[in-house]
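When we follow my numbering, the leftmost residue of the sequence shown carries the number 11, and every step to the right adds one.
Ideal placement from N, C-alpha and C gives every residue a C-beta, glycine not left out.
One structure below.
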Amino acid sequence: MAPPDDTLALPPARLGRLLPMRYHDVPAGGDLPPFVRAASSVRRWQGRLVVVQDDVNALALVDEATALASPLLLPPGPGGRRQFSPDLGNKAHKLDLEASIVLPDGRFVAFGSGSTGERERLVVLRDDLSPTLRTAAPLYRRLREEASFCGSELNVEGALVAGRRLLLFQRGNGAASAEAPAVNAVGTLELQAFLAWLDEGAPAPRLSEVTRVDLGALRGVPLGFTDATSLPDGRVVVLASAEDSPDTFRDGEVLGTRLGFLGERGQVFLGDILEEDGRPTAHKLEGIEFIGAHGDGALEFLVVVDTDDPDRPSMLGRLQLPAPASRR
11 MAPPDDTLAL
21 PPARLGRLLP
31 MRYHDVPAGG
41 DLPPFVRAAS
51 SVRRWQGRLV
61 VVQDDVNALA
71 LVDEATALAS
81 PLLLPPGPGG
91 RRQFSPDLGN
101 KAHKLDLEAS
111 IVLPDGRFVA
121 FGSGSTGERE
131 RLVVLRDDLS
141 PTLRTAAPLY
151 RRLREEASFC
161 GSELNVEGAL
171 VAGRRLLLFQ
181 RGNGAASAEA
191 PAVNAVGTLE
201 LQAFLAWLDE
211 GAPAPRLSEV
221 TRVDLGALRG
231 VPLGFTDATS
241 LPDGRVVVLA
251 SAEDSPDTFR
261 DGEVLGTRLG
271 FLGERGQVFL
281 GDILEEDGRP
291 TAHKLEGIEF
301 IGAHGDGALE
311 FLVVVDTDDP
321 DRPSMLGRLQ
331 LPAPASRR
């Protein structure tokens with residue numbers, strides 16, 4: 011498949027069967043629900059599938075075939091809680107982990123959204139399955155200083171290692187004003203500078219490049235980045251969901267999600283995602299990971315769905331994108 015350009019017509023992607031992600035064993039006293047919820051990112055790591063949750067202080071190690079999961083506990087929050095929700099009155103204390111990467115040295119890193127001070131943290135996971143929770147306020151301060159990236163409200167929803175760069179995907183669902191619009195943007199950090207800050211105490215890096223992106227809208231509701239993944243040839247594939255929320259803190263009605271390619275100059279080529287019955291999906295797909303290509307050029311991905319309901323499990327599924335056709 012050629013790189014995306016104005017001559018390509020992106021066909022609809024097909025969403026396969028969705029499986030609820032449930033724990034096969036929940037540790038006593040861990041303050042966990044019996045299932046994975048609020049799934050926000052997914053990565054293959056060390057032969058495992060790691061799913062990040064935005065309102066539970068635990069990562070989930072998930073079996074791709076069955077969606078059965080094992081929890082990997084993170085430190086508890088205030089009051090010893092690992093679950094956070096409006097009903098519990100502690101939503102403001104959640105880590106809001108929304109994005110994840112695998113570093114060249116094999117470490118897994120999950121990023122908080124940065125939408126509040128509580129959410130300016132990273133989780134670093136080593137191959138011995140020992141997670142470390144890191145305060146990252148200096149890094150998020152650098153991101154917030156770049157108005158062209160954060161717009162009205164910072165909300166990092168995706169991250170990707172691309173060669174010597176670390177790409178961060180800002181979701182433009184903040185409360186806009188005349189002075190500060192809500193923006194979707196891709197920010198670039200030099201990976202070496204990020205690692206020097208993470209490991210050696212160097213100053214937090216500044217964004218070396220910012221590209222604002224127009225994702226359009228679904229039924230009048232703006233689309234915003236929810237995650238990204240890369241292909242072996244370096245192309246970037248993105249998810250963008252339309253959620254009718256007033257700001258980065260409160261949830262809203264989800265109208266659907268689209269899939270597309272990100273071009274080198276910030277242009278995006280989005281297509282519909284169809285359910286098995288052929289209807290456009292109304293799900294919020296929050297995480298995506300490339301898993302392979304077929305002989306006919308079709309691309310296959312793993313995706314996770316956030317139901318935005320603390321009483322319902324998040325879901326794992328496969329998404330297939332046929333090879334784009336040329337308009338010529």
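CB contact below 7 Å: residue 166 versus chain E: The chain labelled as chain E is not found in the depicted structure, where only one protein chain is given.
Residue from 141, 245, 268, 165 whose Cα sits closest to the Cα of residue 275: Stepping through the sequence shown from its first residue, residue 275 is reached at position 265. If we check each option's Cα against that of residue 275, 245 comes out closest.
Boundaries (first-last residue) of the beta strand (DSSP E) holding residue 140: The residue given as residue 140 occupies position 130 in the sequence shown. Segment: none, residue 140 is in no beta strand (DSSP E) and carries neither H nor E.
Proximity to residue 265 [Cα-Cα], best of 239, 228, 42: Here residue 265 refers to the residue found at position 255 of the sequence shown. Among 239, 228, 42, the Cα nearest to that of residue 265 belongs to 228.
Buried versus exposed call for residue 293 [16 or more other C-beta atoms within 10 Å across all chains shown]: Looking up residue 293 in the sequence shown gives position 283. Burial call: buried.
Host beta strand (DSSP E) of residue 309 (start-end): On the sequence shown, residue 309 is found 299 positions in, with the first residue counted as 1. Element bounds for residue 309: 309-316.
Closest residue to residue 173 among 240, 59, 301, 248 (Cα-Cα distance): As a position in the sequence shown, residue 173 is number 163, starting the count at 1. Among 240, 59, 301, 248, the Cα nearest to that of residue 173 belongs to 240.
Contacting residues, own chain, Cβ-Cβ under 6 Å from residue 106 (five flanking each side not counted): Numbered from 1 along the sequence shown, position 96 holds the residue referred to as residue 106. Counting only Cβ-Cβ distances below 6 Å, and skipping sequence neighbours, we find 64, 122, 123, 129.
Cβ contact check for the region 54-70 and the region 84-103: 3 or more pairs under 8 Å: yes
At least 3 beta-carbon pairs within less than 8 Å: the region 319-332 vs the region 28-45: yes
Integer Cβ distance of residue 272 from residue 248, believed to fall under 8 Å: Within the sequence shown, residue 272 is the residue found at index 262, counting from 1. Within the sequence shown, residue 248 is the residue found at index 238, counting from 1. The pair is a contact, with the Cβ atoms about 5 Å apart (cut-off 8 Å).
Extent of the continuous beta strand (DSSP E) to which residue 74 belongs: Counted from its first residue, the sequence shown places residue 74 at position 64. Looking at the DSSP string, residue 74 is not in any beta strand (DSSP E), and its letter there is neither H nor E.
Nearest-angstrom Cα separation, counted from residue 38 out to residue 332: Here residue 332 is taken as the residue at index 322 of the sequence shown, counted from 1. Here residue 38 is taken as the residue at index 28 of the sequence shown, counted from 1. Approximately 45 Å, taken between the alpha carbons.
Residues of its chain near residue 329, where Cβ-Cβ distance is below 6 Å and the 5 sequence neighbours each way are ignored: By one-based count along the sequence shown, residue 329 stands at place 319. Excluding positions up to five away in sequence, the list reads 23, 25, 311, 313.
Where residue 286 sits in the DSSP three-state scheme: One-based indexing of the sequence shown puts residue 286 at position 276. It is coil, neither helix nor strand.
Those runs of the alpha helix (DSSP H) which lie wholly inside the region 103-189 and span at least 4 residues: 147-155, 157-160
Closer than 6 Å: residue 323 CB and nearest the ligand COA heavy atom: The model depicted lacks the ligand COA and carries no ligand whatsoever.
Whole-angstrom distance between residue 119 and residue 338, CA atom to CA atom: The residue given as residue 338 occupies position 328 in the sequence shown. The residue given as residue 119 occupies position 109 in the sequence shown. Any answer about residue 338 is weak, because its pLDDT of 49 lies below 50 and its placement is not dependable; what the coordinates show is given next. Those two C-alpha atoms are separated by around 42 Å.
Contact check, residue 299 vs residue 52, beta carbons under 7 Å: If you number the sequence shown from 1, residue 299 lands on position 289. If you number the sequence shown from 1, residue 52 lands on position 42. Yes, these two residues count as a Cβ contact at 7 Å.
Delimiting residues of the beta strand (DSSP E) encompassing residue 200: Within the sequence shown, the letter at position 190 stands for residue 200. Unbroken beta strand (DSSP E) run through residue 200: 194-200.
For residue 81, the three-state DSSP class (helix, strand or coil): Translated into the one-based positions of the sequence shown, residue 81 becomes position 71. If DSSP states are grouped into helix, strand and coil, residue 81 belongs with the strands.
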